[in-house]
Each structure stands twice: as structure tokens, then as C-alpha cells.
Amino acid sequence: MDRVYDKCCGIDVHKKLIVACFKQGNRQEIRDFGATTRELLEMADWLKKGGCEMIAMESTSSYWKPLYNILEVCELNVIVVNARHMKAVPGRKTDVKDAEWIADLLQHGLLTASYIPDRDQRELRELVRYRKSLVGERNRELNRLQKMLEGANIKLSGTITDINGKSARNILEHILSGKKMDSAEYDILYQQKVIAHNLKATKEQIIDDLNGVMSDLQKKMMRILLNHLDELNAHIRELDDDIDNFMKPEEKRAAEVIQDIPGIGNTGAQAIISVIGTDMERFPTDAHLSSWAGLCPGSNESAHKRKSGRTTKGNALLRDTLVVCAHAAVKNKTSYFSAQFARISAHRGKKRAYVAVAHSMLVAIYHILKDGVVFNDLGADYYNQFNRERKINAYLKKLKALGCEVSVVAA
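Residues in the sequence shown are numbered from 3 upward in steps of one, following this note's numbering.
Given below as C-alpha cells:
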């Protein structure tokens, strides 16, 4: 088998141990290094002096990141490979043999590099991921608040839709003050606009819903919870500003352009751009991007029989963001995505339909960014343009089976 690299290195990465196998033609040298910055720099100097052409390592947890950053700064060519793509034959497994196997595969060009964006984009992605984590934590705190209110028999969620909004917060502060809600107190709060004027609930219903039984301990827990919510809201607003300031002008333009797609807002667009970037040349086709995101059907066929078609694992942040955007997109009844969702969910189920819509949205994003085209919605009646006669006859048969005779008039 031909050699692609004459001098290359395979690295087996662990939390506190790095095993490197440096191949130079038919000779190889194996060294162990620690995971501290000093020892990683020593390894980089060793590989540089040896004239290493390419380095490969497994994507082990997050342990590969500091090593990748240092090798990148030292201007060494390095690729990160999915561990699933280079499993060795089981038996007699050691760290040394793993490093030798990686180096051998790399030397003969049998490894496929994972997509690793540049440092600026990786840092932007970290900001977006952290913001997502804080939003998830805020949602969990809101669920705890709702549970606490139900335990005190305060039906705030039945009166106000958003218990994290300004009106809900004003009412909670009034409840924590220990005052009872009666008709006179309601009128005062209504005049002071503590109770919003656009609430659909009646005065009597609001008074009944807000008069519960709350102990001193519950009030203390609720104050702690509300303070935590305030902190989370402040951190999320700060991260929003940081993300906006950190994004490059071309990334901001790309995020603005893809917001023409129904269901994609500013936050979702920022998350998508932080993952895939603006240069689509790294993905040969939209199918490659969809496969990398884990949104296209899987391929599992044997003896000409199609088995499971479930989607493969992909980038979790991109997949989750697009599925959430798909939930919003299908609510627009005039869009193509709504028609696609209705068509697929009828025979495949809602969950698969949401993934299919997310897949279509990602394909549209790919061509918008790569070809510079403007998003053109195909419309909710897109599928009605095909096989019209067959569809009409099918609907007529269904109506006839239900006992309804309909005369057809040509349009």
C-alpha cells in the first residue's frame, strides 16, 4: 500500500497521558508525555524538529482540545478523527498499540479528518453553547417556580402566560410582601399597572387565583429562586451582547440573511452560523452538511433489504437548534415547511416530520450561504401542484365511502 506521509505521528489522548507514535519511513519512535502545557509544548518541539508532516489524534471527550490548540499555534498540521472510524481489531489493546495503529492508518491515508473550525469560530461556538446552557438552567428554575406556586395553591400560570415576564414578577413581589389580594387591593394594583391591563382573566378570577397559602419557608425559597432568575437573566443578556460583539461582519450578514427562512430568529441564526460558519466550500454538497449535522436519513441495507433509516449522530448544537426552528416554522401555515410537515407527519409521525423540516431548512441555508441566493418559499400549496387528478379522485372516493355524493365541476 502506498504511503501518503513519510513522516507522521499518531497520538492516543487521555486526561493526564499523551502517547505519541512518530513514524519516519519504516522506523518509529514512541514517547509518553503528560497533559500539562509545558509537556505538550515539548512534544510539539520534538515533532517539529523531526519534520512531522501530519499529526492525527482521536476526538476523546474534551481532552483533545488543549493539545489541538497548542499544535495549531505551533503551526503543525493536525487532524482530529472520530474514534469510531479507526477502531483496531479487538484484543491486546494498549495505549502504545492504539498510537501505532493511528500512525499506521495516517501514513497510508486511511483517516478522514473531522471538521474543526478556526479558533475564532470555536470561541464563538463556546459562547453560544454557554448561552444555551444558561437558558436551559433558567427554564429549569422557572419549572421549580411553577411547582412552588402550585404547592402554595397560587394559580399564576392560569392568569399570566409568561411567569418570567414583568407582570408576573410584579405580582410575585406583591405576594411575597404578605398582603392578601382583595377587590380594593386589586383596584390599587390595576391603577399602578402592577397588574397589566391586557390580561384576559377577569377581576374575580385573578383574585381567586392569587390568594393561596404560603408559609415563611416557601417565601424564603421563592426569594432565593427569584434572585437566581435575575442573575441568570443578567448573564444571558451579557452573553447576547458578547456574541453580537464577537461575531465578524460577514457572520452577522450571514445570520441576517438566513433569518428570511420561516422559524429562524436572531438567536437561532447566531447558533447556526457559530457551528457551520460562512464558508460552505468545506462541505462539497448539501448532503455532506446534512450528514455531518445528523439530519439526513441513515443508510443501512443488507441483501437488498432496507433496514433502519434512522438519522445518524451529528453536531448536537446544530441539530437541536434546527429542530427548535422547525417547530416554529411549521406554525406558519402559508409556508412550504407547514405543508411538508403535514404531509410527512400523517404517515411517519410528528417527530420524524420535524426532523425532515429541519433537514430542508439546513439545505436551504447551505445554498443561501454558498450560492448567495435569496430564500424563496415554495408556498403551502406546493404539493397540490402535482398529480391533481389522482388526488381529486382519491378525495372523491373517500367522500363516497363516507356516504357523500359530490358532483365535480371543471375549473
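By construction, the Cβ of each residue, glycine as well, lies at the ideal position given by its N, Cα and C atoms.
Since we're looking at a predicted model, the values are computed, not measured.
Between residue i and residue j, how many whole angstroms is the CB-CB distance? I'm expecting something under 8 angstroms.
i	j	result
L241	L129	6 angstroms
G311	G300	6 angstroms
I260	A271	5 angstroms
N166	L144	6 angstroms
M59	I118	Incorrect: roughly 11 angstroms between the Cβ atoms, too far for contact.
K50	A37	Actually they are not in contact, since the Cβ atoms of K50 and A37 sit about 19 angstroms apart, beyond 8 angstroms.
I104	V80	The Cβ separation is near 12 angstroms, so there is no contact.
V6	H110	6 angstroms
Q220	A154	6 angstroms
E330	Y356	Here residue 330 turns out to be Ala, not Glu, going by the sequence shown. The pair is not a contact, with the Cβ atoms about 11 angstroms apart (cut-off 8 angstroms).
T280	A256	5 angstroms
Buried or exposed: where does residue i fall if 16 or more other Cβ atoms within 10 Å of its Cβ makes it buried?
i	result
T161	buried
A397	It should be noted that the sequence gives Tyr, not Ala, for residue 397. Exposed is the call here.
T313	buried
T39	exposed
I20	buried
A403	exposed
K309	exposed
L182	Note on residue identity: the sequence assigns Lys, not Leu, to residue 182. Exposed, because fewer than 16 other Cβ atoms sit within 10 Å of the Cβ of K182.
Q342	buried
K25	buried
H369	exposed
D100	buried
F339	buried
L401	exposed
Q123	buried
S337	buried
R142	exposed
V332	buried
V375	exposed
S276	buried
L112	exposed
C406	exposed
R133	buried
A236	exposed
Alpha carbons only, please: which of the options is nearest the one belonging to residue i?
i	options	result
K372	R350, H361, E77 and L291	L291
A115	T96, S409 and S61	S61
R127	V365, A382 and L320	L320
K9	C23, H16, K18 and V15	C23
L174	K307, M216 and K393	M216
M224	N247, G180 and E77	G180
N334	N247, Y132, A154 and A382	A382
F285	A198, P264, V326 and V365	V365
A289	Y70, Y384 and H361	H361
E187	I208, A170 and A236	I208
A198	E206, L212, S169 and I177	S169
E102	H349, G265, N28 and H306	N28
D34	A330, D97, D4 and R354	D97
L107	Y384, M282, N389 and C11	C11
D189	R171, E206 and E125	E206
Y65	V75, E77 and V82	V82
V196	N172, N395 and V410	N172
E233	R140, I72 and M363	R140
E55	E253, K67 and C76	C76
E253	G265, M45, R239 and T269	T269
N378	A85, I367 and T204	I367
D322	D120, V15, G138 and N71	G138
L43	A344, L78 and I32	L78
I464	D211, S293 and P264	Summary: the structure shown does not reach residue 464, with the chain confined to residues 3 through 413, and so no result is reported for it.
G214	Y192, I156 and T204	I156
D47	A344, E258 and I72	I72
Tell me which residue opens and which closes the beta strand (DSSP E) that residue i is part of.
i	result
V375	Per DSSP, V375 belongs to no beta strand (DSSP E) and is neither H nor E.
Which partner residues of residue i appear in the DSSP bridge assignment?
i	result
F24	C11 and E31
E60	V83
In the DSSP assignment, find the unbroken alpha helix (DSSP H) run with residue i in it and report its ends.
i	result
I156	From DSSP, I156 is part of no alpha helix (DSSP H); its letter is neither H nor E.
N235	D218 to F248
I173	K168 to L178
V259	P251 to V259
P68	W66 to V75
R350	Y338 to R350
I394	R390 to A403
G270	N268 to I278
R40	T39 to K51
L291	D288 to A295
C327	A318 to A331
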